[in-house]
Amino acid sequence: MEVAFMTNLQASPQTTESIFTSNKNQHIMKLYKILSTAALGLSLGLTFASCADDNGSNPVLHMPDSFTLNTPALAGNAYDLKNTTDSITFTWSQPDYGGMPLVTNYKLQYVVSKDGSEVVTDADGKLKFADNAEVKEYDEGKTKCEYKLAPADVDLLLLRELGVKRADAVPSSVNVYYRLSAQTTSTPKVYSNIVKVTYLPYYQRMEVAEPVTWYLLGSCFGDGSWGDALITATMPLYLTGDSYDEDTGYGTVSWTGYLPAGSTFKLRGSLTDNWLTQIGQGAKFGSFTINDVGSANISPIKNGIYNLTIDTKAVANGDANGISITKIDDVPAYGQLYLNGSFNNWGDGIALTPVHTMVGANNHDWYAHVHLPAASEVKFQADGWAMEIGTKYEETPSCKSGYYGVGVKSGGGNISIKSEADYLVIVNDITGAFRFIKE
61 MEVAFMTNLQ ASPQTTESIF TSNKNQHIMK LYKILSTAAL GLSLGLTFAS CADDNGSNPV
121 LHMPDSFTLN TPALAGNAYD LKNTTDSITF TWSQPDYGGM PLVTNYKLQY VVSKDGSEVV
181 TDADGKLKFA DNAEVKEYDE GKTKCEYKLA PADVDLLLLR ELGVKRADAV PSSVNVYYRL
241 SAQTTSTPKV YSNIVKVTYL PYYQRMEVAE PVTWYLLGSC FGDGSWGDAL ITATMPLYLT
301 GDSYDEDTGY GTVSWTGYLP AGSTFKLRGS LTDNWLTQIG QGAKFGSFTI NDVGSANISP
361 IKNGIYNLTI DTKAVANGDA NGISITKIDD VPAYGQLYLN GSFNNWGDGI ALTPVHTMVG
421 ANNHDWYAHV HLPAASEVKF QADGWAMEIG TKYEETPSCK SGYYGVGVKS GGGNISIKSE
481 ADYLVIVNDI TGAFRFIKE
């Protein structure tokens with residue numbers, strides 16, 4: 061049989077392969093069934109184990125009442141903001157959501173104390189914000205438990221919140237109360253405890269104040285109508301100092317021009333306050349009253365060229381000695397003034413319009429509405445450049461509303477206007493004072 065078997069195998073190779081293949085397939089099917097059964101059992105075991113674990117140790121969402129904001133390092137004393145170089149750092153512990161790994165957004169809130177009534181102590185001895193407290197918060201949110209504030213930024217915030225505009229108005233110390241809000245996409249806000257931080261602020265200029273000015277109107281200005289239409293009925297005085305107090309806006313403003321005898325006028329501090337701020341004549345021409353609605357109109361006794369000067373700080377303090385009017389020598393009048401400059405390659409100038417157009421006017425103020433590109437250079441001129449008004453400044457004095465200065469007659473450099481804008485341009489041909497007011 062053995063031989064026959066071998067003979068048969070040798071004689072029928074296809075039959076031998078079929079036998080081995082069949083046996084192999086049977087083994088594979090058995091192994092597959094065994095493994096499938098084992099895997100199923102393992103899967104069921106794991107499933108039951110997971111369910112058991114869920115019942116005992118999986119996190120369950122919990123809503124905390126609060127969480128802890130830590131007190132910054134120097135909060136027990138005070139932060140001298142001018143001499144503090146490191147950031148003021150706030151850190152905190154995460155709210156306990158029952159071990160749930162929730163992404164949390166934190167925002168730092170604050171109350172700047174002005175009179176101490178902004179916080180109260182509850183029955184548990186904890187600080188809380190009073191009902192009248194104005195709670196504000198920083199715009200930037202955090203997802204990590206740290207918030208850093210730059211000392212200079214804190215100082216600016218304090219000055220703004222307290223309305224400080226002068227160095228002598230800065231308080232010696234300020235208390236600020238902080239807390240954090242925490243919120244997830246699926247939970248309401250929760251708040252931390254409150255911590256107090258004391259700061260020693262210092263003065264910084266937050267923004268350049270606009271110059272305080274006054275407006276002339278009356279029978280001898282503009283069209284003589286006593287109206288409040290800027291430049292056609294009333295005109296602002298010129299800033300005639302080379303600078304003004306950029307913290308308060310106070311400085312020196314003036315006007316020089318022709319006043320007919322017997323003409324009448326007043327000055328207004330605003331064109332929108334219904335004459336609340338005004339300057340009128342005192343007991344006689346040359347004396348003045350401030351904010352007296354019953355005051356007389358100012359009226360010169362003689363024709364002539366006058367210089368009117370106002371110290372705006374003195375007037376704000378009610379001191380009429382800050383106002384003066386003086387008759388000066390006569391000066392020639394010009395039939396036409398022009399504005400020339402780089403805006404048209406120094407070609408034909410723009411003809412300026414006289415400000416004072418009433419009957420009997422002897423005009424020395426001129427204006428135009430012009431558009432100037434950035435980095436323009438200009439001059440004023442008359443009589444084919446026989447008279448010109450340039451500048452003595454390397455950089456034209458400026459404020460938020462535009463540019464100002466006192467030009468140099470018959471010489472000087474080009475007047476530099478850096479910002480592109482539409483301007484109301486006003487110039488005085490006696491003093492060379494000018495203003496470029498953004499419209």
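Per the working numbering, the sequence shown starts with residue 61, numbered consecutively.
Backbone N, C-alpha and C define an ideal beta-carbon position, used for all residues, glycine too.
- Between the alpha carbons of Tyr198 and Tyr166 lies a gap of roughly 10 Å.
- Taking Asn423 as reference, the option from Tyr366, Leu327, Tyr463 with the minimal CA-CA separation is Tyr366.
- Take the alpha-carbon of Tyr298 and the one of Val172: they are about 40 Å apart.
- The residue from Thr181, Gly467, Ser359 with its alpha-carbon nearest to that of Thr300 is Gly467.
- In the DSSP assignment, Arg220 falls within the alpha helix (DSSP H) that extends over 211–222.
- Between Ser470 and Glu437, the gap from beta carbon to beta carbon reaches 8 Å or more.
- Residue environment analysis places Gly401 among the buried positions, since at least 16 neighbouring C-beta atoms fall within 10 angstroms of its C-beta.
- DSSP places Ala442 in the strand class (E or B) of the three-state scheme.
- Leaving aside the five residues that flank Tyr237 on each side, the residues in its chain whose CB is nearer than 6 Å to its CB run, in chain order, Val171, Val179, Ile254, Lys256.
- At the C-beta level, Lys225 and Tyr310 stay beyond 8 Å of one another.
- Taking C-beta separations shorter than 7 Å and ignoring five residues to either side along the sequence, the partners of Lys452 in its chain run Val468, Gly472, following chain order.
- By the 16-neighbour rule on beta-carbons within 10 angstroms, Glu206 is exposed.
- At the C-beta level, Asn474 and Thr316 stay beyond 8 Å of one another.
- If the five residues before and after Val230 are omitted, its C-beta is found closer than 8 Å to the C-beta atoms of Leu219, Val224, Pro261, Tyr262, Tyr263, all from its own chain and listed in chain order.
- Residue pairing by DSSP places Ala493 opposite Val466 in a beta bridge.
- Counting every other CB atom within 10 Å of its CB across the protein chains shown gives Ile361 a total below 16, marking it as exposed.
- DSSP links His431 through a beta bridge to Asp482.
- Assigned with DSSP and collapsed to three states, Asp425 falls in strand.
- Counting along the chain, Ala242 sits inside the beta strand (DSSP E) bounded by residues 234–244.
- Thr164 is positioned such that its CB atom lies closer than 8 Å to that of Thr203.
- Close CB contacts of Ser232 within its chain, under the 8 Å cut and outside five residues either way in sequence, are with Leu260 (chain order).
- For the stretch 333–382, the full-length alpha helix (DSSP H) segments reaching 4 residues or more read 372–376 along the chain.
- As computed with DSSP, Phe127 is found in a beta bridge with Ser252.
- When Ala380, Phe281, Tyr398, Glu306 are compared, the shortest CA-CA separation from Ser461 is found for Glu306.
- Residue state for Ser436 is assigned as strand, using DSSP reduced to three classes.
- Listed as beta-bridge partners of Phe403 by DSSP are no residues whatsoever.
- The criterion of a C-beta distance shorter than 8 Å is not satisfied by Ala380 and Gln396.
- With respect to the C-alpha of Thr144, the residue from Ala210, Leu162, Thr181 having the closest C-alpha is Ala210.
- With a cutoff of 8 Å on beta-carbon distance, Glu480 and Pro433 are scored as near each other.
- Take the alpha-carbon of Ile497 and the one of Ala343: they are about 36 Å apart.
- Only buried fits Lys439, as 16 or more other CB atoms lie within 10 angstroms of its CB.
- For Lys326, the uninterrupted beta strand (DSSP E) segment begins and ends at 325–328.
- For the 8 Å CB-CB criterion, Ala138 and Thr324 do not form a contact.
- The C-alpha of Asp228 is placed about 26 Å away from the C-alpha of Thr337.
- Per DSSP, Gly287 is not a residue of any beta strand (DSSP E), being assigned neither H nor E.
- The C-beta distance from Ile291 to Ile339 rounds to 20 Å, too long to meet the 8 Å contact threshold.
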